[in-house]
Every structure is written in C-alpha cells, then in structure tokens.
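In my numbering, the protein residues as written are 137 to 390.
The beta-carbon is built from N, C-alpha and C at its ideal position, and this holds for glycine as well.
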C-alpha cells in the first residue's frame with residue numbers, strides 16, 4: 137500500500153497480533169522514483185523519497201517499528217518480522233536495502249500494475265520475461281542479507297502464474313506473496329492457490345479479500361501458509377481476531 141504503509145500506520149496495526157508487517161511499497165532507484173512522481177501527479181498515493189534518502193528513510197522506519205514493539209510488548213512470545221516491499225529496475229538497490237539492521241525481509245515487487253511502473257518493465261511488468269525475472273531474483277537471493285519475498289499478481293493475461301511460482305521457489309526465495317485477484321470475480325482464486333501449493337514447497341502468503349476469520353481460514357485451507365491484509369486495515373483497525381486463525385510458522389536459516 138504505497139503512500140500508506142509507513143511505521144506510524146504499522147504501529148497502529150501491531151497490537152492486533154500480526155507476525156509480519158510490511159513497509160512500502162517503495163521506489164528505490166532513479167527510474168522508479170521518477171515514475172512515482174508521475175503517479176502522484178494524477179492523484180494516487182505514493183511514497184516520495186529521494187534515491188539519496190531511501191536507505192536512511194527505510195532504516196528510520198524499521199527502527200520506529202522496533203522501538204514501538206519493544207516498548208509496548210504487543211506480541212508477547214512472537215517474533216515480528218519487518219518486511220519492505222521494494223520496486224527497482226535492477227537488483228542492486230534491493231540488495232543494498234537488505235543490509236539494513238533489523239529489516240528481516242526484502243520483498244521484490246512484481247505486483248504493481250501502475251502504468252508508469254509497468255512501462256519500466258518493473259512491478260507487474262517483470263512477469264513478462266521469465267529469464268530476466270529468474271536472474272533478478274537469483275541475484276537478490278544470493279546477495280541479500282535479509283530473507284527474500286517475491287510479491288506477484290495472479291491471473292494476468294499471457295502469464296503462467298504456476299510456472300512463475302515454481303521458478304520463484306526453485307531459485308531459493310523464502311516467501312511467495314501472491315495476490316490471488318481474479319478479474320471480474322469478487323473472490324480470490326483459491327483453486328489457483330491450491331494448484332501452486334501442489335507444485336511448490338515455498339512459504340506462501342495469500343492475499344486478496346481477507347475480511348474476516350472465515351475468509352482467512354479458507355485461504356489457509358486451500359494451501360496458504362499465511363495471509364496478508366491490505367484494504368481491510370485502511371482505517372487503522374481490524375474488525376476480527378487474528379488469534380482465531382492458525383497459520384504456519386516460518387522457520388528457516390538465512
């Protein structure tokens with residue numbers, strides 16, 4: 137949720153029991169930052185941080201979250217992961233940001249569908265070239281100092297979502313974060329989720345239309361290890377109890 141999910145927003149959500157929180161999405165190089173400015177001009181929310189400041193900005197945001205969590209004991213006996221969702225046309229900015237102390241996960245954004253980002257072959261546009269994406273993710277996995285997540289969008293015309301998911305698993309990413317949106321349908325594509333689960337061993341975070349305990353449990357039942365909530369948190373509150381949902385625990389050494 138670019139322009140929304142900063143440390144102040146996240147600190148409102150932590151007490152509800154989340155075990156991972158995600159900053160961003162952030163544009164991290166000259167090209168994506170300029171694209172972000174164009175997105176802002178047409179009225180959409182977007183973080184506007186300069187290339188020179190992006191590392192220190194994210195570092196400050198991470199520290200704000202760590203300080204809040206430490207002072208408030210919000211999730212007793214839980215290790216809250218901090219993730220940053222990042223856009224870049226090359227892997228290097230993401231690898232650099234992975235070195236931030238206390239940043240647990242860098243998430244490669246292959247999800248954004250804003251025209252200005254897609255025209256850079258970034259965001260959702262990265263899914264159009266499997267070889268390029270394979271090399272990109274491989275470099276981040278090999279050089280990252282943090283865990284690596286890849287967020288993708290499902291059901292894009294001409295894109296084999298299952299093949300993309302298998303590749304992300306094969307190159308060694310730690311998380312597959314998948315928006316299971318199905319155009320024209322007001323429900324996530326759970327059958328696709330089930331197929332991906334059958335073809336991969338990666339930790340899957342399911343996304344789309346999580347609005348209550350029932351929808352979250354259904355996502356888990358169809359093969360997700362965890363789930364993410366975006367629009368359902370926009371008012372800074374959550375209207376259901378996360379403790380009623382049994383997700384898997386991520387446990388892997390870098």
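Beta-ladder partner(s) of residue 191, from DSSP: In the DSSP output, where bridge partners are listed per residue, residue 191 has none listed.
Inter-stretch contact (C-beta, 8 Å, three-pair minimum) for the segment 291-298 and the segment 324-341: yes
Sequence-distant residues of the same chain with beta carbon closer than 7 Å to residue 270, five excluded per side: Here the set comprises 303 and 307.
Spatial distance of residue 213 from residue 174 (CA atoms): Unreliable placement is indicated for residue 213, whose pLDDT of 42 sits below 50; the coordinate value is still reported in the next sentence. Each residue's Cα considered, the two are about 43 Å apart.
Rounded distance between the beta-carbons of residue 337 and residue 314, thought under 8 Å: The pair is not a contact, with the Cβ atoms about 15 Å apart (cut-off 8 Å).
Within 7 Å, strictly: CB atoms of residue 340 and residue 363: Contact flag unset, no.
Local Cβ density within 10 Å of residue 219, reported as buried at 16 or more and exposed below that: buried
Residue closest to residue 358, alpha-carbon to alpha-carbon, out of 378, 370, 229 and 333: 333
Bounding residues of the alpha helix (DSSP H) (the contiguous stretch that carries residue 278): Where residue 278 is concerned, the enclosing alpha helix (DSSP H) stretches over 266-279.
Through-space distance from residue 198 to residue 276, alpha-carbon basis: 20 Å
Range covered by the alpha helix (DSSP H) that runs through residue 327: 326-335
C-alpha distance - residue 377 paired with residue 268, whole-angstrom precision: 41 Å
Bounding residues of the alpha helix (DSSP H) (the contiguous stretch that carries residue 254): Membership of residue 254 in the alpha helix (DSSP H) is indicated by the continuous run 251-254.
Span of the alpha helix (DSSP H), counted from its first residue to its last, around residue 132: Outside the displayed span of the chain (137 to 390) sits residue 132, for which this structure offers no information.
Own chain, CB closer than 6 Å to residue 243, minus 5 neighbours either side, in chain order: 219, 221, 285 and 287
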